[in-house]
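Student: My questions will all concern the structure given below.
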Amino acid sequence: MRPETSLTHAAAGEGLWSNVWKQFRRDPIALAGLYVVCILVTMALFADFLANDKPYYSFYKGKIYFPIFRSYLVGVGLAHWPAELQNVDFKKLEGATQVFPPVPYRPGNIDLLVPYETPSKKHWFGTDKLGRDIMAGMIHGSRISLSIGFVAVGIAVIIGVILGALAGYFGSWVDLVISRLFEIMLSIPTFFLLITVAALLPPSIFLTMTIIGLTSWVGIARFARNEFLRIRNLDYVTAAIALGVSNRKIMFKHILPNALAPVIVSVVLGVAGAILIESSLSFLGIGVPAELVTWGSILHEASSATFAWWLAVFPGAAIFVTVLAYYLVGEGLREVLDPRLRGLR
């Protein structure tokens, strides 16, 4: 039996991805990385419930309110705030019984009475020059950083898979032209291009996502091209061509599902790369708008306040752990999906 078919044969009765998961979870390091990624994604999804200046529950003047949930309804026009709660600071409501999130602040809450406060029971990760809570910024910043990572890689996947599929399936002059495009993109200093474009255009989270996505597709495209080149000569593809099946159907219905394994690994590692790029741009002050708090923007503040060590340590650690976790997941998947590496384990 050829080594590259072992995973397919082992998975024939139970599904490829079921077998991949069984092998993946045998690697404790990769599994630890996956747990960290799940925790980060959960934190990003529920950021409003972990760090918010509104309480979960408020009993005020004989009435029960759920301010965090109500704020969502108000945001979509399905509810409104009663007169006594409009533009109110819930922490200053007298006579109210309330239950607040673990971090009772939003990243935009300014308190000029506590600038550069060291980590304490009130502000677990300290504050910045405007008295904004760093832990609230870290929690809500995870949402922005991960969103940029996922959307940017999504853009890169669309471009990369389409171009890689065209190059690998048709070959000939199509492959030649697209391969030259790969080389041109690889010859461009990507980070300096990002800095130039971001500096010339107004800061925008969508612009940041788009720029990163448009400059990060080459690796995915090369993986897709290599897989399409390999698979297009297999018997089932030859049979489909002989039966007159359309090229589009062969490419995206028959070949693509079998070419996804290395692409998925590249995608996982690409998310880590996109987060690192966004953090770097924000650190330089040219990433997302100034009013949005990200891990990189907190690091940017640390550059002008070297005495406030917490401004560098906590976001720096978050970036390191996040990138490392995605790298471990990507490497774990690569070892499972690459038969040559499985043989070395």
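One gets the working numbering by counting positions in the sequence shown from 1 and adding 123 to each.
Glycine included, C-beta positions come from ideal geometry on N, C-alpha and C.
Given the structure is predicted, the values throughout are model-derived calculations rather than measurements.
#1: If we count the other Cβ atoms within 10 Å of its Cβ and call it buried at 16 or more, is Ser427 buried or exposed?
#2: Given this structure, state the Cα-to-Cα distance separating Ile241 from Trp432, to the nearest angstrom.
#3: Using the beta-carbon count (16 or more within 10 Å), is Lys186 buried or exposed?
#4: Can you tell me whether DSSP reads Gln146 as helix, strand or coil?
#5: Do you know how far the Cα of Thr250 is from the Cα of Asp150?
#6: Are the CB atoms of Val320 and Ala395 nearer to each other than 7 Å?
#7: Tell me, which residues are paired with Phe182 by DSSP?
#8: Note down, one range per segment and in chain order, each beta strand (DSSP E) of at least 3 residues found wholly within the stretch 384 to 427.
#9: Given 8 Å as the limit, is there contact between the stretch 218 to 233 and the stretch 171 to 190, that is, 3 or more CB pairs closer than that?
#10: Roughly how many whole angstroms lie between the Cα atoms of Val372 and Pro380?
#11: State yes or no: is the C-beta of Gly254 within less than 7 Å of the C-beta of Val237?
#12: For a quick check, are the C-beta atoms of Phe351 and Gly283 less than 7 Å apart?
#13: Does the stretch 200 to 215 touch the stretch 159 to 170, meaning 3 or more C-beta pairs lie closer than 8 Å?
#14: Below 8 Å CB to CB, which residues in the same chain sit around Ile191 once its five sequence neighbours on both sides are set aside?
#15: Going by C-alpha distance, which of Glu306, Leu404, Gly439, Phe443 is nearest Leu316?
#16: Just list the residues that DSSP pairs Ala174 with in beta bridges.
#17: Just to confirm the assignment, what range does the alpha helix (DSSP H) spanning Asp298 have?
#18: With a CB to CB cut of under 6 Å and the five nearest residues on each side skipped, what residues in its chain are close to Gln146?
#19: For Ser265 and Glu401, what's the separation of their Cα atoms in angstroms?
#20: Flag this pair as yes or no: are the beta carbons of Leu299 and Val341 separated by less than 7 Å?
#21: Would you kindly report the start and end of the unbroken alpha helix (DSSP H) that includes Leu323?
#22: I'd like to know whether the C-beta atoms of Val159 and Ala448 end up nearer to each other than 7 Å.
#23: Taking C-beta to C-beta, are Met332 and Val416 nearer than 7 Å?
#24: Roughly how many angstroms lie between the CA atoms of Lys387 and Trp144, to the nearest whole one?
#25: By the DSSP assignment, the alpha helix (DSSP H) with Gly336 in it spans what residues?
#26: Judging by CA-CA distance, which residue of Ala425, Ala440, Trp418 is the nearest neighbour of Pro230?
#27: Between which two residues does the alpha helix (DSSP H) containing Tyr359 stretch?
Tutor: In this structure, then:
#1: Ser427 should be labelled exposed.
#2: The identity of residue 241 in the sequence shown is Thr, whereas the question assumes Ile. Cα-Cα distance, rounded: 9 Å.
#3: Sixteen is the threshold: since fewer than 16 other Cβ atoms of the shown chains lie within 10 Å of the Cβ of Lys186, the residue is exposed.
#4: In the structure shown, Gln146 sits in a helix (DSSP, three-state: H, G or I).
#5: Using only the alpha carbons, I get a separation of about 39 Å.
#6: No. Outside cutoff.
#7: Beta bridge pairing from DSSP links Phe182 with Ile187, Thr220.
#8: Secondary structure in the stretch 384 to 427: no beta strand (DSSP E) run of 3 residues or longer lies completely within the stretch.
#9: Yes: the two stretches touch, three or more of their Cβ pairs being nearer than 8 Å.
#10: According to the sequence displayed, residue 372 carries Lys and not Val. Straight-line spacing of the CA atoms in Lys372 and Pro380 works out to 12 Å.
#11: Gly254 places its beta carbon less than 7 Å from that of Val237.
#12: Taking 7 Å as the Cβ cut-off, Phe351 and Gly283 do not qualify as a contacting pair.
#13: The answer is no - the stretch 200 to 215 does not touch the stretch 159 to 170, with fewer than three Cβ pairs under 8 Å.
#14: Its chain contains Asp171, Phe172, Asn175, Lys177, Pro178, Tyr179, Pro224 as the residues whose beta carbon lies nearer than 8 Å to that of Ile191, once the 5 sequence neighbours on both sides are disregarded; these appear in chain order.
#15: When C-alpha distances from Leu316 are compared across Glu306, Leu404, Gly439, Phe443, the shortest belongs to Leu404.
#16: Partner(s): Val226.
#17: It spans 295 to 310 - the alpha helix (DSSP H) in which Asp298 sits, taken as one unbroken run.
#18: So the qualifying residues of the chain are Val459.
#19: When rounded, the distance between both Cα atoms is 12 Å.
#20: Not a contact, by the Cβ cut-off of 7 Å.
#21: In the DSSP annotation of this structure, the continuous segment of the alpha helix (DSSP H) that includes Leu323 starts and ends at 313 to 323.
#22: A contact, by the Cβ cut-off of 7 Å.
#23: By the CB criterion at 7 Å, Met332 and Val416 fall outside the cutoff.
#24: Reading off the sequence shown, one finds Ile at residue 387, where the question assumed Lys. Rounded to whole angstroms, Ile387 to Trp144 spans 14 Å at the Cα level.
#25: That run of the alpha helix (DSSP H) goes 328 to 337.
#26: Comparing Cα positions, the closest option is Trp418.
#27: Segment 358 to 365, the alpha helix (DSSP H) holding Tyr359.
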